[in-house]
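One line per chain: the protein sequences are A and B, in this order. Using my numbering, read the first sequence as starting at 4 and increasing by one per residue. Using my numbering, read the second sequence as starting at 4 and increasing by one per residue. Backbone N, C-alpha and C define an ideal beta-carbon position, used for all residues, glycine too. Below is one structure; the comments refer to it alone.
There are 2 protein chains.
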Amino acid sequence: MTEAREFRGSDAAAAELVVNVLRGQIERGQLRPGDRLPPERELAQRIGVSRPSVRAGLRSLAAMGVVQTRHGSGTYIADTPQLDSRPLGLLAALHGFTTEQMFEARRVLEVGVAGLAAERASAEQIAAMAEEVTGMFASVDDPEAFLRHDIRFHRTIAMASGNPILASLVEMVSSLYFEHRRRNLPPGRDLREIAATHRAIYHAVRAHDVERARREMSVHLPRPDGSPVALR
Amino acid sequence: MTEAREFRGSDAAAAELVVNVLRGQIERGQLRPGDRLPPERELAQRIGVSRPSVRAGLRSLAAMGVVQTRHGSGTYIADTPQLDSRPLGLLAALHGFTTEQMFEARRVLEVGVAGLAAERASAEQIAAMAEEVTGMFASVDDPEAFLRHDIRFHRTIAMASGNPILASLVEMVSSLYFEHRRRNLPPGRDLREIAATHRAIYHAVRAHDVERARREMSVHLPRPDGSPVALR
DNA sequence: CGCCAGGGAGTGGTCGGACGAGTCGGGGCG
DNA sequence: CGCCCCGACTCGTCCGACCACTCCCTGGCG
C-alpha cells in the first residue's frame, strides 16, 4: 500500500515528490478526471511527507489547472481540460504584451481552428453555432448578453475543431480579449454588423468550406489597426 | 509602508490575497523581471497573512512561471517570459491528447509564426536562422546535435514573428514534441532531407515571402499520418 | 410515510513556531 | 595577499492546533 518510492533519482524535494507521484498516477490512468483524491493527511502518510508538503504540491497542480480543491469537500482531478488564463494575463503585465500582439495571436489560432471546424464539425456542433448566432441577433441591444453569445460561439468553434489542445489555447488567449472587452463595453462597431460576420462564419462551417471559413474568420477578427494602448 | 489593503471585495482567501497583491505590484511596474522579492517573513507581515499563506501564494505564482525561488537566496521575478510546458504535458496525460492533435496544434502555430517572421524578421534573426541551418547540415550524422539545431531554428522563427505571446505558445507546444522526439531518436526520415526543408523555410523568410514561408513550413511539419500511439 | 432541520464527522484553510538546508559575503587565519 | 571558514540570511520542511466549510445521516416533525 505504501508508495513511498524512495530514491527518486537525485531530486528529493518533498513538494516535487508529491507532484511526481500524482503525475505518475495520472499518466498510469489510476487517476481520472473528476476523481477525488485521498485526504491531504492520508496522502501525506502514503507518500511519506508532511501535510504542508502535500499542500504545496497540490497547490502547484491547482495553479496548473490539473486539480481543483473544494473547501470542506476534497481535492478533485479537474474535469475541464482548460488551461488557466491567469498565467498569460500575468505574463502580459510582466512583459508588456500589447493589444496588437494579443489580437494577432488570437487571429492565428482562431483562423486555424475555424478551418479545422469546417472540416469536422458535427451536426450538433453546427446546431449549437446557429443557436449562438441567433442569440446574438436577438441581443443587439444588450451588449452584455451579446458578449456572452459571442464567447460561446467562438468556444463552440474551438470545440468543433476536434483538437482539445488548440481549443485550450484559444480559450486561454480569447479569455484575455473578452475580459478586455468586458471592461470596455460597448464596442465601437455596430453589434448587428458583428452578428452578421458570425453568421457568415457559421455558414462557411456548415458548408464544410475550409477556405471560406478561414477567410470569414480572418475578416471578422479585429485587425491590429492602431489599437490604443498597452493591454490593460 | 503597510499594504494590508483590507476589504479586497468579497474574496478574502489569504493565499489568493498574496497573489493579487503581487500581481498588482507587477502590473503597476513596481516589480520587474529579475527583481528579488522581499523575504517571505517580511511579505507575510506587510500583507498581513501568515508565512504559510505567503508560501502558498508564491508557489502558485511559481507554478505559473511568474516567479522562481532559489533555496537560500530568495524569490525572484522570472526573467524569461516562458510559459511552462509541464501543465500541457500533464493535461495531455490527463485527457489523452494524441500525437496527431499535438502535431496539428504545432502546425497551426508554426505556420502562423512563419508567415509573421517572413514579414518582420530582422537581419540578425535571419543570420541566426542561417547559422542553425548550416549547423543542421553539419550534424546529419549526430541526431542529438541535429535536434538541438532543429529546436533552435524553430525558436528563432518564433522570436522573429515579433509576437512574444505566439512565441510562448509555440515554445509550449513544441517542447512537448521535441521531448517526444528525444525519446524516439533517431527519426525515420533522412536528416539531410529535413535540413533541406529547413533551408527552404529559411530562404522564404529571407526573401520576406509570406506565402512561401507558410507553405514551406506547412510541408515541413509532420502531417498527422497515423502516428502510433497516445502521447504518453 | 415523507420531508426537513439539526448535528456531527470529515475535509481543506490558516496559523504560529521551530528546525534543517542552502547561499552568500565578510572577516580572520595562514 | 589569498584562501577558508563561519555566521547571518533565506527558503524548505515539519509539527500541532484550531477554524471554516461541506456533506451526510439521523432524528423529529408534519
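query, result
"The segment 180-188 of chain B touching the segment 118-126 of chain B, judged by at least three CB pairs closer than 8 Å", "no"
"Close beta carbons around A/Met220, own chain, < 7 Å, minus the five adjacent residues each side", "Glu113, Val114, Ala117, Ile204"
"Residues of its chain near A/Leu224, where Cβ-Cβ distance is below 8 Å and the 5 sequence neighbours each way are ignored", "Phe106, Arg109, Arg110, Glu113, Val114"
"Beta carbon proximity, B/His98 to chain A, threshold 8 Å", "yes"
"Minimum Cβ-Cβ distance from B/Glu127 to chain A less than 8 Å", "no"
"Nearest-angstrom Cα separation, counted from B/Arg62 out to B/Arg202", "43 Å"
"Host beta strand (DSSP E) of A/Gly73 (start-end)", "Note that residue 73 of chain A is Arg in the sequence shown, not Gly. Segment 70-73, the beta strand (DSSP E) holding A/Arg73."
"Distance between beta carbons of A/Val136 and A/Phe156, contact taken as under 8 Å", "7 Å"
"Contact the segment 156-170 of chain B vs the segment 125-141 of chain B: 3+ CB pairs below 8 Å", "yes"
"Limits of the unbroken beta strand (DSSP E) element including B/Thr78", "77-80"
"Any chain B beta carbon closer than 8 Å to A/Gln28", "no"
"Nearest neighbour of A/Ile197, chosen from A/Val173, A/Val143, A/Leu172 [CA to CA]", "A/Val143"
"Within-8 Å CB hit, A/Ala66 to chain B", "yes"
"In DSSP terms, what A/Arg39 is bridged to", "A/Tyr79"
"Chain A within 8 Å of B/Gly115, Cβ atoms only", "yes"
"Residue closest to A/Glu127, alpha-carbon to alpha-carbon, out of A/Glu30, A/Arg209, A/Asp82, A/Val176", "A/Arg209"
"Test: A/Arg195 CB closer than 8 Å to a CB of chain B", "no"
"Enclosing alpha helix (DSSP H) for B/Val22 [first to last residue]", "17-30"
"Residue from A/Ala130, A/Ala65, A/Gln71, A/Ala16 with nearest C-alpha to A/Ile50", "A/Ala16"
"Cβ neighbour criterion (16 or more within 10 Å) applied to A/Gly68", "buried"
"Rounded straight-line distance, which links the Cα of B/Ile168 to that of A/Ser56", "33 Å"
"CB contact check: A/Val105 to chain B, cutoff 8 Å", "A small correction: the amino acid at residue 105 of chain A is Met; Val does not occupy that position in the sequence shown. A/Met105 counts as touching chain B."
"Residues of its chain near A/Ser53, where Cβ-Cβ distance is below 8 Å and the 5 sequence neighbours each way are ignored", "Ala17, Ala47"
"Members of the segment 156-171 of chain B that neighbour chain A once the beta carbon cut-off is set at 9 Å", "Ser164, Gly165, Asn166, Pro167, Ile168, Leu169, Ser171"
"Beta-carbon spacing of B/Gly165, B/His152 below 8 Å", "no"
"Neighbour list for B/Leu93 in chain A, Cβ cutoff strictly below 8 Å", "Arg26, Ile29, Leu64, Met67, Val69"
"Three-way DSSP call (helix, strand, coil) for A/Ser142 in this model", "coil"
"is_contact[B/Pro36, chain A] using C-beta, thresh 8 Å", "yes"
"Any C-beta of chain B under 8 Å from that of A/Ala111", "The displayed chain sequence assigns Val, not Ala, to residue 111 of chain A. A/Val111 counts as touching chain B."
"Alpha carbon of A/Ala81 to alpha carbon of B/Ser125, nearest angstrom", "43 Å"
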